[in-house]
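One structure is given here, and the rest of the page talks about it.
Number of protein chains: 2
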Amino acid sequence: MAKVAVLGYGTVGSGIVEVIKTNQELINQRVGDEVDVKYILDLREFPGDPYEDMIVHDVNVIMDDPEVTIVCEAMGGIGAAYQFTKTALSKGKSVCTSNKALVAEYGPELLALAKENHCSYLFEASCGGGIPIIRPLQTCLLQEQVVALKGIINGTTNYILTKMELEGADFETVLKDAQSLGYAEANPEADIEGYDVQRKIAILSSLAFGNTVFYKDVPTEGITKITIDDFKYMKQLKATIKLLGMSRYEDGKYFAMVAPFVLTKESPLYNVSDVMNAILVTGNTLGDSMFYGAGAGKLPTASAVVSDVIECAMNPGKTIKGTWKPEKLELSDLSDAKRRFFVRIANANEEAVKVAFGHVQMLEPVYDGEVAFVTDVMTERSYKDIASAFDVVNMIRMDS
Amino acid sequence: MAKVAVLGYGTVGSGIVEVIKTNQELINQRVGDEVDVKYILDLREFPGDPYEDMIVHDVNVIMDDPEVTIVCEAMGGIGAAYQFTKTALSKGKSVCTSNKALVAEYGPELLALAKENHCSYLFEASCGGGIPIIRPLQTCLLQEQVVALKGIINGTTNYILTKMELEGADFETVLKDAQSLGYAEANPEADIEGYDVQRKIAILSSLAFGNTVFYKDVPTEGITKITIDDFKYMKQLKATIKLLGMSRYEDGKYFAMVAPFVLTKESPLYNVSDVMNAILVTGNTLGDSMFYGAGAGKLPTASAVVSDVIECAMNPGKTIKGTWKPEKLELSDLSDAKRRFFVRIANANEEAVKVAFGHVQMLEPVYDGEVAFVTDVMTERSYKDIASAFDVVNMIRMDS
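Chains as they are written, first to last, in the working numbering: chain A, 147 to 546; chain B, 147 to 546.
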């Protein structure tokens, strides 16, 4: 018998209860044991809620009940969620969460605490919502040296970019539209500035490469500088613009970054639209594989948390083995990363650009006096050196 | 120390050795133990091969060596491969394979034999080549009632259909081209008649639904009746044609089939082109998730086998728990399955079609005297009853 406590009865928390209750019989049968919710922790009352009798307001009721072996932390944030997670783990209760902020901030510490106490800290739902990606990285790809990770892992920004492209609407208009639909928060900074993706790519990279990538070390740009003019050029390139979290292993060096990228039709990520998410993983012998699905949403996210609950229930008293070690992964300076660049320059002429950048693919300008082009492969350092002499309207990195 | 024997030194077998040797250090570190190849069984000699000294011709050398705890069966077929797999499992040696024919024919028996002998029978590479799909189905989706599986899981036919669409070339021409490139066998029947997909969807459905779907029970149509004229109509529908292995759980009934389907641009499978494969899994709470990658090829397939080797090496003396039970899954008669149908009829007029089929979406005919249309949702039984009165040129089921 595995008794579960859910901390926080908001969107994800109530989803967790719903998934367990909906598929209760099937889950019990597959686990070979009864898995059920015993407590729901929330400060609020929920009169009339079908699970009203499980609501408790005092976390100690949960922590002091030895019957509770699995805790789902669905509170969010890195305050009380951090304290409660530590308390649960230190009492040998496994913790399953979708809380990417907490995982990105304290992952190695919490994993170590779980190991010490013969339980697990699992977070399948923290990246890519319902997409199975964390567990595959740790169980299906152990034979691979991952050489690249590229993820469209923020539904809000992907929705905004998709709408800008399809409807020719500008960033501000689409953002307001996304806010009214509930796809973007009232304060959208974490999404549009890339901070959400920064945490997720740090977690995914730590799992893929085995050592800790701390999120604050990942250079991050958001999508606020992308305009509908940029999308006009994309039509010429048969390409689109996506906010990618990406990391790479190349010539013994690790790189990571979050930024908008130009993706051509050949990329498997090209067609990942609206609020959908996908993560493309490249292994040194496997080549590309991609994991696609709903990157957010109540039930998909909750379903991923429950997949963790099931793994804990099937392995009582054990720590699920993972790949993420506490040692820091040294990220190399992006100035050394090589790629092509899509560039728009004002107040210049094609000849000056060609003299400075060498061979480029010229595009048909959208404005008089603008020169738009794609460079050959060069380092970011070279690009910056050369571009500093020009009046750059926008630069977006090419994915390939 | 986990010593591995590879049975069969052909494409996949040599790939397995290559993956293990290439990533040896990383694999050892992740397993926490040394994993290495000790024997390679093949009837042929391989003078000058770097692993020549591991070649043995007598399978008993492997079976009688207690140091060998993991056997990779890369022989193919259901003759000697079946015998050797049984011998290995009965001696407590885990077996990892890409042999879909053997898994589809004897899966439940071999899984039971493994369990009896405290070892595992794993086959990640049997469906979708290098795509992680078997393990995710058994570890990431246990909280889900799978309601639909749809797979583009044969690279040969996907290559042929992609070329027909993009180049407007006919089936026979593209098939010859595929044969000369090595994408199709000299005897292409297993691919183009859908028998390869039939085995794979039977395996995937058995894992997803938990009871055994026997491949011969899955109604199967290949792609030989697809013509370039069909693709002309697809442009009008903003759609394409893909050979799908699919199964569904609907109103308490299970359906499975292999057939060409019309996929519109909205389907995540629409853009899976050339030899790439993808499997779309729909769960009752998760919704859609898709797994995409190289469905064949030496190293991707070998990589998937080695992922199984690693799981066995991390769990010595244990049987990896799976979802596939020996009880037969009763498949319902497809006549009850409901969908829309793309239909081409010769020697008829639009009025007669409308009278017979009711509301339809008429298409612009490619030939004089042909009527082409998409029906509303109806059962296969209704479709067949009505269509029997007409001279049907071709019918392709709509995916949605």
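From the three backbone atoms N, C-alpha and C, an ideal C-beta is built for every residue, glycine too.
Judged by DSSP in its simplified three-state form, Asn461(A) adopts coil rather than helix or strand.
Contact between the stretch 427-445 of chain A and the stretch 460-473 of chain B is absent: fewer than three C-beta pairs spanning the two stretches fall below 8 angstroms. By the Cβ-count criterion, Val501(A) is exposed, with fewer than 16 other Cβ atoms from all chains shown falling within 10 Å of its own Cβ. Within the same chain, Leu480, Ser481 and Ala483 come within 6 angstroms of Glu526(A) by CB-CB distance, once the 5 residues on both sides are set aside. For Glu318(A), the number of other beta carbons within 10 angstroms of its own is below 16, and it is reported as exposed.
Within its own chain, the residues whose Cβ lies closer than 8 angstroms to the Cβ of Asn493(B), once the five positions on either side in sequence are excluded, are Gly515 and Asp537, listed in chain order. Residue environment: Asn300(B) is assigned as buried (16 or more neighbouring CB atoms within 10 Å of its CB, all protein chains considered).
For Ser160(A), the nearest beta carbon of chain B is not closer than 8 angstroms to its own beta carbon. In this structure, the straight-line span from the alpha carbon of Lys444(A) to that of Tyr155(A) is close to 12 angstroms. Neighbourhood of Gln289(B) in chain A, by CB distance below 7 angstroms: Val165, Asn169, Ile173, Ser449, Val452, Ser453 and Ile456, in chain order.
Closer than 8 angstroms to the CB of Gly439(B) there is at least one CB belonging to chain A.
Per DSSP, the unbroken beta strand (DSSP E) holding Pro406(A) starts and ends at Lys399 to Thr410. Here Gly161(A) is buried. Its C-beta has 16 or more other C-beta atoms within 10 Å. Across the structure, Ala354(A) and Lys530(B) are spaced so that their CA atoms are roughly 52 angstroms apart. Glu251(A) has its alpha-carbon roughly 8 angstroms from the corresponding atom of Tyr361(A). Three or more Cβ pairs closer than 8 angstroms define a contact, and the stretch 218-229 of chain B falls short of that threshold against the stretch 191-198 of chain B.
Along the stretch 270-283 of chain B, the positions whose C-beta sits under 8 angstroms from a C-beta of chain A are Glu270, Gly276, Ile277, Pro278, Arg281 and Pro282, read in chain order.
Counting C-beta pairs with one atom in each stretch, the stretch 276-288 of chain B and the stretch 384-398 of chain B have fewer than three that are closer than 8 angstroms, which means they do not touch. At a Cβ-Cβ threshold of 8 angstroms, Tyr400(B) and Leu288(B) do not count as neighbours.
Per DSSP, the beta-bridge partners of Gly297(A) are Gly391(A) and Ile425(A).
According to DSSP, Ala151(B) shares a beta bridge with Tyr185(B) and Val217(B). Contact annotation for Thr469(A) against chain B: Arg176 [CB-CB distance below 7 angstroms, chain order]. Secondary structure of Gln507(B) (DSSP, three-state): strand.
In this structure, Asn357(B) is the residue among Asn357(B), Asn540(B) and Ile347(B) with its C-alpha nearest to the C-alpha of Lys474(B). Membership of Thr521(A) in the beta strand (DSSP E) is indicated by the continuous run Val517 to Thr521. In chain order, Ser449 make up the part of chain B whose C-beta sits under 7 angstroms from the C-beta of Gly429(A). Secondary structure note for Ser240(A): its beta strand (DSSP E) is the uninterrupted segment Ser240 to Thr243. Restricting attention to alpha helix (DSSP H) runs no shorter than 4 residues, the stretch 357-385 of chain A encloses them at 374-383, ordered along the chain.
Counting C-beta pairs closer than 8 angstroms gives three or more between the stretch 337-351 of chain B and the stretch 393-411 of chain B, which meets the contact rule. Gly433(B) reaches chain A at Gly276, Gly439, Ala440, Gly443, Leu445, Pro446 and Ser449, counting residues in chain order whose Cβ is nearer than 9 angstroms. In its chain, beyond the 5 residues on either side, Ile387, Asn540 and Ile542 have a beta carbon closer than 7 angstroms to the beta carbon of Asp376(B). Lys411, Pro414, Tyr416, Asn417, Val418, Met422, Ala424 and Leu426: these are the residues of the stretch 409-426 of chain A whose beta carbon lies less than 9 angstroms from some beta carbon of chain B, given in chain order. Interface flag for Met436(B) against chain A is set, since a Cβ pair is found closer than 8 angstroms. Ranking Leu248(A), Ala498(A) and Leu509(A) by CA distance to the CA of Phe488(A) puts Leu509(A) first. For Gly433(B), the enclosing beta strand (DSSP E) stretches over residues Gly433 to Ala440.
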